[in-house]
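Participant: Please read through the structure below; I'll follow up with questions.
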Amino acid sequence: MLTHVSKHPVRTVFIHRCDGLRECEINTRGLEQDPCFGTYKYYTTNHICIPAGFFLFLSLFHFLFIKMSFSVQVCNCRLLPETSVTCQDGYSYLKCDNGRIQINTANYGRTDKTTCSEGRPSEQLQNTNCYSPNALAPVSKSCSLVASNGVFSDPCTNTFKYPYVSYSCIHNCKSAWINSI
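Just so we're aligned, residue 1 is where the sequence shown starts under UniProt numbering, counting upward by one.
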């Protein structure tokens with residue numbers, strides 16, 4: 001049983017037909033030969049919609065292919081991701097000039113030896129495999145927070161930590177669902 005079949009030529013078709021458009025509809029019938037006849041299949045392509053004029057094709061939404069049909073949500077309202085890093089016991093504030101904040105990823109811990117390393121003893125910088133399983137919860141509740149073990153818990157003792165947050169500013173976005181059969 002095949003569980004993963006990658007089809008790069010299909011990705012090229014999506015890029016050529018959809019890049020830079022506000023809406024995109026592709027009839028999947030005849031797009032390629034059926035690699036697994038009679039099996040449920042889907043196309044996954046990732047992109048990000050950004051304000052008109054930038055026209056970059058990046059990762060974010062999924063095209064879903066079910067028996068020769070798919071739905072896609074497109075919009076023209078997301079800015080490129082921002083990042084925030086604050087050393088342990090510091091204060092962090094996430095800001096969008098317009099719109100609302102959407103958290104992409106968050107971690108409280110340590111993933112390298114250089115971030116927030118100034119003045120720290122080397123033994124506090126050695127563990128670079130330090131991840132907090134609940135880092136998203138505090139970040140999702142507030143735009144401002146203290147980078148502390150009290151807020152995030154302590155995923156690795158005797159390690160100097162920092163929250164890393166990747167977020168996007170979402171502007172008042174009008175979305176359209178397109179169904180093609």
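Note that CB positions come from ideal geometry on N, CA and C, so glycine has one too. Predicted model, so just to flag it, every value in this text is computed and none were measured.
How should VAL85 be labelled, buried or exposed, when 16 other C-beta atoms within 10 angstroms of its C-beta is the threshold for buried?
Facilitator: It is exposed - the Cβ of VAL85 has fewer than 16 other Cβ atoms within 10 Å.
Participant: Between the alpha carbons of THR105 and PRO81, how many angstroms are there, rounded?
Facilitator: Approximately 10 Å, taken between the alpha carbons.
Participant: In chain order, what residues of the same chain lie with their CB nearer than 7 Å to the CB of ASP112, ignoring the 5 residues before and after it?
Facilitator: Excluding residues within five positions, the ones whose Cβ falls inside 7 Å are THR128.
Participant: So, are the CB atoms of ALA147 and GLY90 less than 7 Å apart?
Facilitator: Yes, Cβ-Cβ distance for ALA147 and GLY90 is below 7 Å.
Participant: Hey, out of GLN102, TYR93, ASP154 and TYR167, whose CA is closest to ARG110's CA?
Facilitator: Out of GLN102, TYR93, ASP154 and TYR167, ASP154 has the C-alpha closest to the C-alpha of ARG110.
Participant: Which full runs of the alpha helix (DSSP H) of 4+ residues lie inside the UniProt domain "SUEL-type lectin" (86–170), going along the chain?
Facilitator: The UniProt domain "SUEL-type lectin" (86–170) contains these whole alpha helix (DSSP H) runs: 136–141 and 149–152.
Participant: Evaluate PRO121 with the Cβ neighbour count: other Cβ atoms within 10 Å of its Cβ, from every protein chain shown; 16 or more gives buried, anything less gives exposed.
Facilitator: Exposed, because fewer than 16 other Cβ atoms sit within 10 Å of the Cβ of PRO121.
Participant: Taking the alpha carbon of LEU94 as the point to measure from, which residue in GLN124, THR157 and SER140 has its own alpha carbon closest?
Facilitator: That would be SER140, whose Cα lies nearest to the Cα of LEU94.
Participant: How would you call CYS143, buried or exposed, if buried means at least 16 neighbouring beta carbons within 10 angstroms?
Facilitator: By the neighbour-count rule (16 or more Cβ atoms within 10 Å), CYS143 is not buried but exposed.
Participant: Do the CB positions of CYS87 and TYR162 come within less than 7 Å of each other?
Facilitator: Yes, they are a contact pair.
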